[in-house]
Structure formats: C-alpha cells, structure tokens
Amino acid sequence: MLDRKFVLENIDLVKQNCVHRGAKVDLDQFVALETRRKQQQIEVDDLNRRANEVSKSIGKAQDAAERELRKEEGRQLREQTTAAQAEFDALAAESENLLRLVPNLSHPQAPIGADDSANPTLRYGQHEPRRFDFKPLDHVVLGERLNLFDFEGGSKVTGHGFYFLKNDAVLLELALQQYAINLLIAEGFTPTITPDLAQNKILQGIGFIPRGPETQIYSIADSDLSLVATAEITLGGLLADTILDAEALPIKLCGISHCYRTEAGAHGRASRGLYRVHQFTKVEMFAFTLPDESEKMLDYFCGLEGRIFDGLEIPYRVVDTATGDLGGPAYRKFDLEAWMPGRGAAGEYGEVTSTSNCTDYQARRLAIRYRHKQEKGTHFVHTLNGTAVAISRAIIAVLENHQQADGSIRVPKVLQPYLGKERIG
RNA sequence: GGAGAGGUGGCUGAGUGGUCGAAAGCGUCGGUUUGCUAAACCGAUGACCGGGUAACUGGUCCGCAGGUUCGAAUCCUGUCCUCUCCGCCA
Numbered sequence: 017m018l019d020r021k022f023v024l025e026n027i028d029l030v031k032q033n034c035v036h037r038g039a040k041v042d043l044d045q046f047v048a049l050e051t052r053r054k055q056q057q058i059e060v061d062d063l064n065r066r067a068n069e070v071s072k073s074i075g076k077a078q079d080a081a082e083r084e085l086r087k088e089e090g091r092q093l094r095e096q097t098t099a100a101q102a103e104f105d106a107l108a109a110e111s112e113n114l115l116r117l118v119p120n121l122s123h124p125q126a127p128i129g130a131d132d133s134a135n136p137t138l139r140y141g142q143h144e145p146r147r148f149d150f151k152p153l154d155h156v157v158l159g160e161r162l163n164l165f166d167f168e169g170g171s172k173v174t175g176h177g178f179y180f181l182k183n184d185a186v187l188l189e190l191a192l193q194q195y196a197i198n199l200l201i202a203e204g205f206t207p208t209i210t211p212d213l214a215q216n217k218i219l220q221g222i223g224f225i226p227r228g229p230e231t232q233i234y235s236i237a238d239s240d241l242s243l244v245a246t247a248e249i250t251l252g253g254l255l256a257d258t259i260l261d262a263e264a265l266p267i268k269l270c271g272i273s274h275c276y277r278t279e280a281g282a283h284g285r286a287s288r289g290l291y292r293v294h295q296f297t298k299v300e301m302f303a304f305t306l307p308d309e310s311e312k313m314l315d316y317f318c319g320l321e322g323r324i325f326d327g328l329e330i331p332y333r334v335v336d337t338a339t340g341d342l343g344g345p346a347y348r349k350f351d352l353e354a355w356m357p358g359r360g361a362a363g364e365y366g367e368v369t370s371t372s373n374c375t376d377y378q379a380r381r382l383a384i385r386y387r388h389k390q391e392k393g394t395h396f397v398h399t400l401n402g403t404a405v406a407i408s409r410a411i412i413a414v415l416e417n418h419q420q421a422d423g424s425i426r427v428p429k430v431l432q433p434y435l436g437k438e439r440i441g
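Printed below as a string of structure tokens:
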C-alpha cells in the first residue's frame, strides 16, 4: 500500500505508474473519496469535542434540572457523532480499498514493458550451457528411468499437479535445503521453518488475495486461514504490528516452507513434470531494512541467488523484470533463470528464483516500523524477499544439467556431503 | 478437551464510572555536580490520524469487537491470545 498523502500529492506519477504496471485502479474516485473523508473528519472532530465538553459540564452541574437538560443535549450530540463517525468510517474503508489496489511505485531503472518479453538480461552465471555429445533428456524422462518421481501416484492421491518424490529425489530435496540453509546461516541469516498456513490478513498484508476468481491461494474452509504460497508470507508476517529499533536493522531471516499454489489459469502453458506444480518446498530469504539500505540488500540477495546456482554448477541468467510483470508489492525485481537443457527443442531458460524489493509497501500494510533511539516518531521499514532455492525447479535444473550419457546424474560437489554420494543411478 | 488466572505506555505494575493518556518504579534522553566513568540530584519522556511556517493544537487508542451510559481502562456480552493445573496426543 502506498502512502495516502503521497498518492494525493503525486497523483499524475501514480497514474502513470499504474499504466506501466497494467493496473486498473480508479484514482479519480480515490481522490474524490479522500476529499470527502477529510471534510468528514473535521465534522467528526468538531462533534466529538462538543460532546466531550457537554459531558464534562454534567459532572460539575449541581442543579438536577440543569443536569437533565445537559444530559439530553449530550445524548443528541452523541447520536450525531455516531452517525458522522459511521459515515467517516465508510468513506475511509472505501478509499482504503482503492488504495490497496494501487501497485507499488517502480524503480526508475526498471524496464517499462507489458510482460516478461520486455525483461532484459543483466548478467550470466559462472557456468556456460554444456555441450552434450548426446541428446539431453528432460527431467521427467530422467526421473522415470531413475525412479525418482511418481506423478501418477500424486494424481491418484491428490490430483493433477501433485507428485511423490522417491528414492534419491528425496535425498536431493533434503540436500538442496541443507545446502541453501547452511550457506544462508553463514551469511548471518536466522534460519526458520515456518508454518505452512497463515491468516488471511497476513496474506493480504504481503499482497496476496486469498479468495476470489483470480486467487492463486488455497484457502481453508470455515476458517480465516490459507495455505501459504511462499514463506515470504510467514516471514514478513512474523514482524507485523512491530516497532523495531533502527539499530536492530537489517534483520535477515530465511525460512523453509511448503508452498501451495492453485496455478489457476495456468493449464496449457509449459507445465510438464515438476515445473509448475501445486506444492513444492522452498527456502526463502527475507529482510527488513532501513529505507536507504534496501537497494543494496536487493543486490545482495540477487548475488546470493547467483552464488547458490554457481555452486550447483548450473548456468543461468539474471533478468530485470519489466513493470508489467512486477506484481503489486515489488518496486524492483530480479529473476534468475536457470538453463534447462531438456526443456523445449534445444533447451530453454526457466525461472528458478526471484528477488524483490518491496520498499515500504508491505510494511505499511503490516504495520512494521522502526524507530531511532533518540528521535520521536516511527517510520516504515523496507522489506525484501528472495528465493534461495525452490526445490522442485532446482531439481529440474540439477537433473537436466548434470545428466550423463548413461542416464545417471552427477551430483554437484556442494551437494555431495548432504547426499552422501557422487552419482544418482 | 476440562478447570482456574491474566492481557494497561520501552519494561515492571497501580488504577472498579467523570478531575485518567493513565500513579509509582525501572529504562531512555537532557541538564547540574564531578579528573574520566559511576553515583546523586533536577527536568523531560507513548503511538496513530488531522490542522498550523512555528510555538502549538483537535481527535483516536488501556488485547480485539460489540453493548450499557450524557460520560467506560473501570460495568455487561462475545472473541482472540498468554500462563498454571488436569486430560489427550506425535
């Protein structure tokens, strides 16, 4: 959510940003509502003041008749106040609902464009796509041969888009988790395993829409809980309604959670095997920073994501996400796309991680503030999130990039200590 | 799941209908004193929304939501959370 005052004072800028973002919000309506809200506030304040004065005078009145008279006066004022307050509340709620739909501002250097076709590549990883002297297979075929997945079983037990990991794929999942978590611990992150469910108000604070036709979220019937789509939700929610000491910032957390996504409307798109599934495990990074430190933190997160995939010896490129592809909360976003040689006819890059600077957009919705010890007042922190490893997609990249002519998989060095072997199959 | 206790400012903790945004202590900040530090003493010290160039000023907030009342931290109802004991369970 943007700052009310800021939007009113920079309405043209905000409007233009909505166009770049592909967001349709009636900002003129917002301005009109705000004007009325302001007037209503003056009226409510005035009525309140008068009612308070009357109330106080009753305590001092000695004469019983006068007392009754003043009581009646107070009664009437209170009635008016209640009505005026109700109208104010309605206006405020209506304008806030609009405000919540306004996307975050965009970084001045974020490429302007409608979708991911506008994303320029910023850099490549340490490793170049390998030249195969045989036809590389995709992860589904590899997994079938090595007995690593059971998509039919997942489908039978749960439904399309669910799967069982089996045998060495289980070890691989655990190894990837440990590799990422240990790397992040060494970088000073506090590791967590978060709940897989969260309250809808937390989801909304982070910027997700728990229910409705476009939702990507599974919600729990007869409760206000939803399955999380990412640990970003739980890690950000962890400090909701908190005032932090400026000295305590930045706070770097990482968390393992399962991620549940309905992927509504995604049928028919490239979704073979593990690429687009309804449940996967993810190690997520999250940071709370001072406002002037968030850009640096974004680069740091992006660098860590690169280090993790360099370590896995997987080629990748980093792209700068275009405005139309940013999603509501992000001010700037970098995606890391790994080379997947089994994808498409001759291999393709596929998104494996993503990191965003959400500036104060989430902090404002979740009421996460900081305070300097010697200053009055509070400010909103900046929040950032980034994928360390989305296990399902990382498995794709590992299998496809490290496959051997005999159908086995070479385990990258960094995973060997966790997996306990140098080769799968 | 059953029984009990409790949720008040950065913290501890008073406060059972108006004079309470709220005692006191701690902490923090400023000052005085003092080789330095510490101690002592004096003073200041919540957040949010709004108005004002500013000094300042209006309103809201005592877990949350309702209710009673001219008036609620205080009375009533609901709800959430925490703690203790019992039961159950991984």
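Per this note's numbering, the first sequence starts with residue 17, numbered consecutively. Backbone N, C-alpha and C fix where the C-beta goes; we use that ideal spot for every residue, glycine too.
Span of the alpha helix (DSSP H) around residue i
{"i": "Tyr377", "result": "Tyr377 to Leu382"}
{"i": "Ser408", "result": "Ile407 to Asn417"}
{"i": "Met17", "result": "Element bounds for Met17: n/a, residue is neither H nor E."}
{"i": "His36", "result": "Ile27 to Arg37"}
{"i": "Pro433", "result": "Gln432 to Leu435"}
{"i": "Ile249", "result": "Ala247 to Gly253"}
{"i": "Ala81", "result": "Ala80 to Leu117"}
{"i": "Lys172", "result": "Phe167 to Val173"}
Cα-Cα separation between residue i and residue j, rounded to whole angstroms
{"i": "Leu251", "j": "Arg83", "result": "56 Å"}
{"i": "Arg53", "j": "Val23", "result": "15 Å"}
{"i": "Gly393", "j": "Ile259", "result": "10 Å"}
{"i": "Gly327", "j": "Leu43", "result": "47 Å"}
{"i": "Phe178", "j": "Thr137", "result": "32 Å"}
{"i": "Gln57", "j": "Leu29", "result": "27 Å"}
{"i": "Glu279", "j": "Ile225", "result": "13 Å"}
{"i": "Ala404", "j": "Arg161", "result": "28 Å"}
{"i": "Val335", "j": "Arg139", "result": "7 Å"}
{"i": "Met17", "j": "Ala196", "result": "31 Å"}
{"i": "Ser434", "j": "Gln194", "result": "With the sequence shown as reference, residue 434 is identified as Tyr, and Ser is not the correct amino acid for it. Those two C-alpha atoms are separated by around 7 Å."}
{"i": "Gly322", "j": "Asn26", "result": "37 Å"}
{"i": "Ala185", "j": "Gly366", "result": "20 Å"}
{"i": "Thr231", "j": "Gln215", "result": "15 Å"}
{"i": "Glu353", "j": "Gln220", "result": "28 Å"}
{"i": "Gln378", "j": "Ala245", "result": "16 Å"}
{"i": "Cys275", "j": "Arg426", "result": "28 Å"}
{"i": "Val293", "j": "Phe167", "result": "10 Å"}
{"i": "Gly421", "j": "Pro119", "result": "The displayed chain sequence assigns Ala, not Gly, to residue 421. Cα to Cα, Ala421 sits roughly 48 Å from Pro119."}
{"i": "Ala81", "j": "Glu103", "result": "34 Å"}
{"i": "Ala247", "j": "Thr305", "result": "18 Å"}
Residue interval of the beta strand (DSSP E) (run including residue i)
{"i": "Val368", "result": "Glu364 to Asn373"}
{"i": "Gln232", "result": "Looking at the DSSP string, Gln232 is not in any beta strand (DSSP E), and its letter there is neither H nor E."}
{"i": "Gln215", "result": "Leu213 to Gln215"}
{"i": "Leu138", "result": "Thr137 to Tyr140"}
{"i": "Tyr332", "result": "Tyr332 to Asp336"}
Environment of residue i [buried if 16+ CB atoms lie within 10 Å]
{"i": "Ala303", "result": "buried"}
{"i": "Ile201", "result": "exposed"}
{"i": "Gly175", "result": "exposed"}
{"i": "Glu50", "result": "buried"}
{"i": "Thr210", "result": "buried"}
{"i": "Gln92", "result": "exposed"}
{"i": "Gln419", "result": "buried"}
{"i": "Leu342", "result": "buried"}
{"i": "Asn417", "result": "buried"}
{"i": "Val35", "result": "exposed"}
{"i": "Arg227", "result": "exposed"}
{"i": "Ser372", "result": "buried"}
{"i": "Asn113", "result": "exposed"}
{"i": "Gly169", "result": "exposed"}
{"i": "Pro449", "result": "Here the chain has residues from 17 to 441 only, and residue 449 is not among them."}
{"i": "Ser464", "result": "It is not possible to answer for residue 464, since the shown part of the chain is limited to 17 through 441."}
In DSSP terms, what residue i is bridged to
{"i": "Gly402", "result": "Met301 and Thr371"}
{"i": "Gly271", "result": "Thr208 and Glu300"}
{"i": "Ile425", "result": "Gln419 and Ile440"}
{"i": "Gln295", "result": "Tyr276"}
{"i": "Leu260", "result": "Tyr386"}
{"i": "Ser242", "result": "Ala214 and Ser235"}
{"i": "Met356", "result": "Glu364"}
{"i": "His395", "result": "Tyr386"}
{"i": "Phe350", "result": "Asp336 and Thr371"}
{"i": "Leu180", "result": "In the sequence under discussion, the amino acid at residue 180 is Phe, which differs from the Leu named in the question. Partner(s): Asp166."}
Whole-number beta carbon distance between residue j and residue i, since they are thought to touch under 8 Å
{"i": "Thr208", "j": "Gly289", "result": "The pair is not a contact, with the Cβ atoms about 29 Å apart (cut-off 8 Å)."}
{"i": "Val397", "j": "Ile412", "result": "Rounded, the Cβ-Cβ distance is 35 Å, inconsistent with contact."}
{"i": "Gly129", "j": "Gly340", "result": "6 Å"}
{"i": "Ala67", "j": "Arg94", "result": "5 Å"}
{"i": "Gly159", "j": "Phe165", "result": "4 Å"}
{"i": "Asp261", "j": "Arg387", "result": "7 Å"}
{"i": "Leu382", "j": "Leu314", "result": "About 19 Å; that fails the 8 Å criterion."}
{"i": "Ile324", "j": "Glu189", "result": "The Cβ separation is near 15 Å, so there is no contact."}
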